[in-house]
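Chemist:
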Amino acid sequence: MEMTGEYRIPAARETVWEALNDPEVLKACIAGCQSLDRTEEGGFEATVKAKVGPVSATFKGAVRLENVNAPESYTIVGEGKGGAAGFAKGGADVNLVEEGSDTILTYKVNAQVGGKLAQIGARLVDSTAKKYATDFFDKFVVIAQERDSGAASAAPAAPAASDTPADTTPEAPAEPAESAPSPEPETHQSEAEQPPRPAPKETPVDRDAIKAEAKRAAVDAVHKQTAKRWGLTPMQWIMILVLVMLGLSLVFGGEAPMPGAGN
């Protein structure tokens, strides 16, 4: 089984190198990783629970680093065993290249599988391996970027002032500036010279509306005086008159005369 890949990591190459050699970072990025410890030889021992198609098992393995060229490249060589599920062994070449403020990580894997893993098909093994690689680098990129940002913020700031003694030589007196020409006096137009303003237009008076308003005011005044004298409004007077007329019609058995009607 062969597999290659390339990832752009937004972090400095030294930061990426340190993260690739940190057991805590690797454990956090490997899906199903139960333990990962550094060995005396500079490699790692790991226990990973993985599932490849219908085969699910816990793999225990060890890897060592060869051809180390920090912080540019190294080779990973290792082997993992999953009991009846089978085994996997092989190696991977990892390279780090600087590109501006980013790091380009490329890898090439060459591995062999046996047991049940070899029986389920190379395509399924390849697709599962690529998925594990994608999950690993998705998490790794985030951690490396956070580490790089933290390192940049922790860097000491440049000194604000220089240690060079200040120049105490007295400066030559400045030459007097040329006097600016005085502004010419503004000429204002007198009120007599200004053109006359147009007189405001008179609004025509609506005499009919004034008469109607006066008539309504007079009627309201009469109504108020009536109500004040008898304590009744004109509407109440009309109701009393109607009731009186109805009473007369019932007593005399005829219609009561309307007010103002002839005999």
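Per our numbering, numbering of the sequence shown is gapless, rising by one per residue and ending at 1045.
We put the CB at the ideal spot given by N, CA and C, even for glycine.
All of these numbers come straight from a predicted model, not from anything done at the bench.
For Val923, is the classification buried or exposed, using 16 other Cβ atoms within 10 angstroms of its Cβ as the cut-off for buried?
Modeler: Per the 10 Å Cβ criterion, buried.
Chemist: What does a CB cutoff of less than 7 Å around Ala867 pick up in its chain, not counting 5 residues either side in sequence?
Modeler: Val837, Ala839, Gly897, Lys898, Leu899.
Chemist: How is Asp804 classed by DSSP in three states: helix, strand or coil?
Modeler: Coil.
Chemist: Return the Cβ separation of Glu760 and Arg795 in integer angstroms, given the expectation that the two are a contact with Cβ distance under 8 Å.
Modeler: This structure cannot settle anything about residue 760, because the visible part of the chain is limited to 783 through 1045.
Chemist: At what residues does the alpha helix (DSSP H) containing Glu928 begin and finish?
Modeler: Where Glu928 is concerned, the enclosing alpha helix (DSSP H) stretches over 904-936.
Chemist: My output table needs one value for Glu861: the three-state DSSP class, helix, strand or coil.
Modeler: Glu861: strand per DSSP, three-state reduction.
Chemist: Buried or exposed, going by whether 16 or more other CB atoms sit within 10 Å of the CB of Ser972?
Modeler: Note that Ser972 scores a pLDDT of 48, beneath 50, so its modelled location is shaky; the value from the coordinates is reported in the next line. The residue is exposed, with fewer than 16 neighbouring Cβ atoms inside 10 Å.
Chemist: Any idea what DSSP makes of Glu968, helix, strand or coil?
Modeler: Reliability fails at Glu968, whose pLDDT of 49 lies under 50, so the model's placement of it is uncertain and no value is given.
Chemist: Give the secondary structure of Ile886 by DSSP, where H, G and I count as helix, E and B as strand, and everything else as coil.
Modeler: Strand, per DSSP.
Chemist: Would Thr885 be called buried (16 or more neighbouring beta carbons within 10 Å of its own) or exposed?
Modeler: The residue in question, Thr885, is buried, as its Cβ has 16 or more Cβ neighbours within 10 Å.
Chemist: Run through DSSP, which three-state label would Thr821 get?
Modeler: Coil at Thr821, not helix or strand.
Chemist: By alpha-carbon positions, which one of Ala813, Ala801, Val798 ends up nearest to Ala911?
Modeler: Among Ala813, Ala801, Val798, the Cα nearest to that of Ala911 belongs to Ala813.
Chemist: Roughly how many angstroms separate the alpha carbons of Ala870 and Ala926, rounded to a whole number?
Modeler: Their backbone Cα atoms lie some 28 Å apart in a straight line.
Chemist: How many Å lie between Ser935 and Lys890 at the Cα?
Modeler: Straight-line Cα distance between these residues: approximately 34 Å.
Chemist: Let me know if Thr797 comes out buried or exposed under the rule of 16 or more other beta-carbons within 10 Å of its beta-carbon.
Modeler: By the 10 Å Cβ count, Thr797 comes out buried.
Chemist: Once DSSP output is grouped into helix, strand and coil, what is the label at Ile812?
Modeler: The answer is coil: DSSP assigns Ile812 none of H, G, I, E or B.
Chemist: Whose C-beta lies closer than 6 Å to the C-beta of Gly835 among residues of the same chain, with five residues either side of it excluded?
Modeler: Within the same chain, Gly835 has close Cβ partners Ile902, Leu906.
Chemist: Excluding the 5 residues flanking Thr946 on each side, which residues of the same chain have their C-beta closer than 8 Å to its C-beta?
Modeler: Model confidence at Thr946 stands at a pLDDT of 49, short of 50, so the residue's coordinates are unreliable and nothing is read from them.
Chemist: Could you give the residue range of the alpha helix (DSSP H) that holds Asn900?
Modeler: This sequence places Ala at residue 900; Asn is not what is there. Note, Ala900: alpha helix (DSSP H), 898-901.
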